[in-house]
Amino acid sequence: MGSVKKVVLAYSGGVDTSVCIPYLKKEYGVDEVIAFAADLGQGDELQSIRQKAIDAGASKSLVGDLVQPFIEDFAFPAIRANALYEGRYPLSTALARPLIAHRLVEIAREVNADAVAHGCTGKGNDQVRFDVAIGSLAPDLKVITPAREWGMSREETIAYGERFGIPAPVSKKSPYSIDLNLLGRSIEAGSLEDPMASPPEEVFEMTSSIDQSPDKPQDIEISFEAGNPVAINGERLEPVSIIRKANILAGKHGFGRIDIIENRVVGIKSREIYETPGLLLLIKAHQELESLTLSADVLRLKSQLEREWSDLIYKGLWFSPLKDALDGFFERTQAVVNGLVRVRLYKGNAIILGRGSTTNSLYMPSMATYSSDDQFDHKSAEGFIYIWGLPSRIWAATKRFQQQN
Ligand code: ARG
């Protein structure tokens with residue numbers, strides 16, 4: 000990599016990305032490392048992270064506030080897509096990666112860097128997401144991935160860092176690997192590596208345990224316009240605020256914990272704990288409103304495409320032709336997703352109590368009712384069923400004929 004002089008590094012403040020700084024300079028002969036830390040609403044001390052990068056030898060340390068685009072351009076599309084990887088994980092980490100990659104590339108252009116770098120290991124999904132996103136946004140930019148190449152154990156990494164004045168992580172007591180942002184937390188490693196071991200209560204921060212959650216249920220109302228959540232209990236909220244509010248409400252009642260065995264892009268199964276209270280609540284409510292406002296065939300196809308979309312995002316293909324095309328389909332479906340959903344939060348549950356739409360409900364009482372107001376033409380059913388079942392009757396008759404001869 001002889002010619003690399005200036006690198007923009009995706010920086011988190013953790014040991015791995017900190018060690019990347021002296022490592023890039025020493026082992027790759029990089030002159031200037033510019034650290035970039037993204038504020039995704041994780042509530043970290045970003046000023047101290049800024050200083051950490053300088054202490055580790057960065058020539059410049061930038062913090063970028065990406066909370067609003069993160070929620071508006073990444074979380075909201077995921078809600079409209081009811082995005083759940085393998086039917087369960089709402090992609091809280093995955094959604095942040097293309098945004099960070101995008102900003103990394105922008106900064107690289109601004110400062111005239113000849114490469115970008117990240118501290119992802121070779122076992123995870125994040126390396127795939129960063130590399131693919133950067134590769135499609137800026138094919139000419141080199142991507143340097145020290146942590147994928149250095150082959151150091153965690154202990155060796157810490158020791159390497161200490162040689163360059165990077166303090167060993169103080170919280171030796173936390174054996175977990177954690178990623179967090181406004182959408183949620185992902186927790187791996189430590190005792191969680193045993194799929195049979197239940198997650199200790201200490202790993203959770205955004206959600207209460209069932210024991211600690213209120214004994215009284217709380218009923219709330221979530222309003223949507225064109226598939227976007229816009230209000231809770233009648234109070235209109237900006238996208239970022241509605242996520243915060245949903246996090247607090249759902250978290251308080253212990254809703255939004257996920258414990259799964261997940262299939263990574265690189266082919267391994269891993270045990271993942273997530274807490275994504277607000278996002279999961281909003282997806283659930285959104286899904287419910289769609290059941291009232293979208294036709295059966297649109298719902299059916301959309302649910303298949305949702306699975307595709309979630310797979311793409313998980314696997315790092317945010318910037319891809321299929322994602323783009325699917326967005327077109329989803330976009331077209333969402334204009335009618337207007338209305339509200341009533342949800343009861345109680346002891347780890349979000350129970351749907353009701354859904355309504357004054358403008359777009361496809362539920363027709365005169366068709367559905369069993370009372371005397373019924374307008375449905377019962378007699379038409381007979382002719383419909385005659386034709387609907389015709390192929391089955393022909394097939395069965397043929398089989399009988401074959402058996403008898
Ligand atoms: N398994 C999750 C995902 O792929 C979480 C990854 C967490 N990343 C991390 N660097 N700790 O989205």
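Just so you know, the sequence shown maps onto residues 0 to 404 in numbering that gives the first Met the number 0. We put the CB at the ideal spot given by N, CA and C, even for glycine.
Check: Is there at least one non-hydrogen atom of the ligand ARG closer than 7 Å to the beta-carbon of residue 183?
Finding: Counting from 1 along the sequence shown, the entry for residue 183 is found at position 184. Outside the cutoff, so no.
Checklist line | the segment 76 to 93 / the segment 55 to 66 touching (three or more Cβ pairs under 8 Å) | finding: no
Next item on the list: Could you tell me if the beta carbon of residue 460 falls within a distance shorter than 7 Å of some heavy atom in the ligand ARG?
Entry: Nothing about residue 460 can be read from this structure; the chain reaches only from 0 to 404.
Checklist line | Three-state secondary structure (DSSP) of residue 367 | finding: Translated into the one-based positions of the sequence shown, residue 367 becomes position 368. Looking at residue 367 - three-state DSSP - the assignment turns out to be helix.
Notebook entry, point to check: DSSP beta-bridge partners for residue 227?
Noted result: Position 228 of the sequence shown, counting from 1, holds the residue named residue 227. Paired residue(s): 224.
Note to self: Do residue 346 and residue 253 have their beta-carbon atoms positioned less than 8 Å apart in this structure?
What the structure shows: Taking the sequence shown and counting its residues from 1, one reaches residue 253 at position 254. Taking the sequence shown and counting its residues from 1, one reaches residue 346 at position 347. Contact: yes.
Note to self: Among the candidates 392, 87 and 271, whose CA atom is the shortest distance from the CA of residue 178?
What the structure shows: Counted from its first residue, the sequence shown places residue 178 at position 179. It is 271 whose Cα lies nearest to the Cα of residue 178.
Checklist line | residue 123 beta carbon near the ligand ARG (any heavy atom closer than 7 Å) | finding: Locating residue 123 in the sequence shown gives position 124, where the first residue counts as 1. True, at least one ligand heavy atom lies under 7 Å from that Cβ.
Check: Thinking just about the alpha-carbon of each residue, which of 146, 107, 103 and 101 is nearest to the one in residue 122?
Finding: The count along the sequence shown starts at 1 and reaches residue 122 at position 123. Among 146, 107, 103 and 101, the Cα nearest to that of residue 122 is on 146.
Notebook entry, point to check: So, are the CB atoms of residue 167 and residue 133 less than 8 Å apart?
Noted result: In the sequence shown, residue 167 corresponds to position 168, counting from 1. In the sequence shown, residue 133 corresponds to position 134, counting from 1. Not a contact, by the Cβ cut-off of 8 Å.
Checklist line | residue 27 - DSSP class collapsed to helix/strand/coil | finding: Stepping through the sequence shown from its first residue, residue 27 is reached at position 28. Here residue 27 sits in coil by DSSP.
Item checked: Between the CA atoms of residue 258 and residue 277 - distance to the nearest angstrom -> What you label residue 277 is simply residue 278 of the sequence shown in a count that begins at 1. What you label residue 258 is simply residue 259 of the sequence shown in a count that begins at 1. Answer to the nearest angstrom: the Cα atoms are 17 Å apart.
Note to self: Quick check for students: name the residue ranges of the beta strand (DSSP E) that lie wholly in the segment 290 to 352, counting only runs of 3 or more.
What the structure shows: 338 to 345
Note to self: Looking at the strands, I want to know which residues DSSP matches up with residue 179.
What the structure shows: Translated into positions along the sequence shown, residue 179 becomes position 180. Answer by DSSP bridge pairing, in chain order: 184.
Notebook entry, point to check: When DSSP builds the beta bridges, which residues end up paired with residue 354?
Noted result: By 1-based counting over the sequence shown, the position of residue 354 is 355. BP columns for residue 354 point to 340.
Next item on the list: Confirm, please, whether the CB-CB distance from residue 262 to residue 40 is below 8 Å.
Entry: For the purposes of this step, residue 40 is taken as the residue at position 41 of the sequence shown. For the purposes of this step, residue 262 is taken as the residue at position 263 of the sequence shown. No, the pair does not count as a contact, with Cβ atoms beyond the cut-off.
Margin query: Classify residue 317: buried if its beta carbon has 16 or more other beta carbons within 10 angstroms, exposed otherwise.
Written below: Here the question's residue 317 lines up with position 318 in the sequence shown. Under this definition residue 317 is a buried residue.
Margin query: Looking at the secondary structure, which residues open and close the alpha helix (DSSP H) in which residue 244 lies?
Written below: Position 245 of the sequence shown holds residue 244. Residues 238 to 251.
Note to self: the ligand ARG and residue 17: does the residue's C-beta get closer than 7 Å to at least one heavy atom of that ligand?
What the structure shows: In the sequence shown, residue 17 corresponds to position 18, counting from 1. Answer for residue 17: no, Cβ out of range of the ligand ARG.
Note to self: Please give me, in chain order, every unbroken run of the beta strand (DSSP E) with length at least 3 that falls completely inside the segment 91 to 179.
What the structure shows: 114 to 116 and 141 to 143
Check: How about residue 92: is its Cβ closer than 7 Å to a heavy atom in the ligand ARG?
Finding: Here residue 92 refers to the residue found at position 93 of the sequence shown. Indeed, a heavy atom of the ligand ARG lies less than 7 Å from the Cβ.
Notebook entry, point to check: Which first and last residues belong to the beta strand (DSSP E) in which residue 84 is found?
Noted result: Taking the first residue of the sequence shown as 1, we reach residue 84 at position 85. Segment: none, residue 84 is in no beta strand (DSSP E) and carries neither H nor E.
Check: Under a Cβ-count criterion, where at least 16 other Cβ atoms within 10 Å of its own Cβ denotes burial, should residue 294 be classed as buried or exposed?
Finding: As a position in the sequence shown, residue 294 is number 295, starting the count at 1. That one is exposed.
Next item on the list: Kindly give me the distance between the Cβ atoms of residue 18 and residue 165, rounded to whole angstroms, as I take these residues to be in contact under 8 Å.
Entry: Locating residue 18 in the sequence shown gives position 19, where the first residue counts as 1. Locating residue 165 in the sequence shown gives position 166, where the first residue counts as 1. Contact flag correct, Cβ pair sits at about 6 Å.
Margin query: At the level of alpha carbons, what is the spacing between residue 354 and residue 44?
Written below: Numbered from its first residue, the sequence shown carries residue 354 at position 355. Numbered from its first residue, the sequence shown carries residue 44 at position 45. Taking the straight line from one Cα to the other gives about 40 Å.
Next item on the list: Hey, could you find the ends of the alpha helix (DSSP H) residue 395 is sitting in?
Entry: One-based indexing of the sequence shown puts residue 395 at position 396. That run of the alpha helix (DSSP H) goes 389 to 403.
Notebook entry, point to check: What residues are listed by DSSP as bridge partners for residue 33?
Noted result: Against the sequence shown, residue 33 aligns to sequence position 34. The partner list for residue 33 (beta bridge, DSSP) reads 7 and 59.
Checklist line | DSSP three-state assignment for residue 405, whether helix, strand or coil | finding: Outside the shown range of the chain (0 to 404) lies residue 405, about which nothing can therefore be said.
Checklist line | As assigned by DSSP and simplified to three states, the class of residue 381 | finding: On the sequence shown, residue 381 is found 382 positions in, with the first residue counted as 1. Three-state DSSP puts residue 381 in a helix.
Next item on the list: Using 7 Å as the cut-off, classify the Cβ of residue 261 as near or not near the heavy atoms of the ligand ARG, replying yes or no.
Entry: Here residue 261 corresponds to residue number 262 of the sequence shown, with the count starting at 1. Under cutoff, so the answer is yes.
Notebook entry, point to check: What does residue 217 pair with, by DSSP beta-bridge criteria?
Noted result: As a working note, residue 217 is residue 218 in the sequence shown. BP columns for residue 217 point to 344.
Notebook entry, point to check: Distance, Cα to Cα, residue 175 vs residue 183?
Noted result: The residue given as residue 175 occupies position 176 in the sequence shown. The residue given as residue 183 occupies position 184 in the sequence shown. Taking the straight line from one Cα to the other gives about 15 Å.
Check: Do residue 288 and residue 233 come within 8 Å of each other at the CB atom, strictly closer than that value?
Finding: As a first step, residue 233 is located in the sequence shown; it is residue number 234 there, counting from the start. As a first step, residue 288 is located in the sequence shown; it is residue number 289 there, counting from the start. No, they are not a contact pair.
Check: In terms of residue numbering, what span does the alpha helix (DSSP H) encompassing residue 49 cover?
Finding: Numbered from its first residue, the sequence shown carries residue 49 at position 50. Taken as a continuous stretch (DSSP letters only), the alpha helix (DSSP H) holding residue 49 covers 45 to 54.
Note to self: Taking the straight line between their C-alpha atoms, what separation do you get for residue 106 and residue 7?
What the structure shows: In the sequence shown, the residue the question calls residue 106 occupies position 107. In the sequence shown, the residue the question calls residue 7 occupies position 8. Going by the C-alpha atoms only, they are around 7 Å apart.
Checklist line | residue 271 CB to nearest heavy atom of the ligand ARG below 7 Å | finding: The sequence position of residue 271 within the sequence shown is 272, counting from 1. It does: the Cβ of residue 271 is within 7 Å (strictly closer) of some heavy atom of the ligand ARG.
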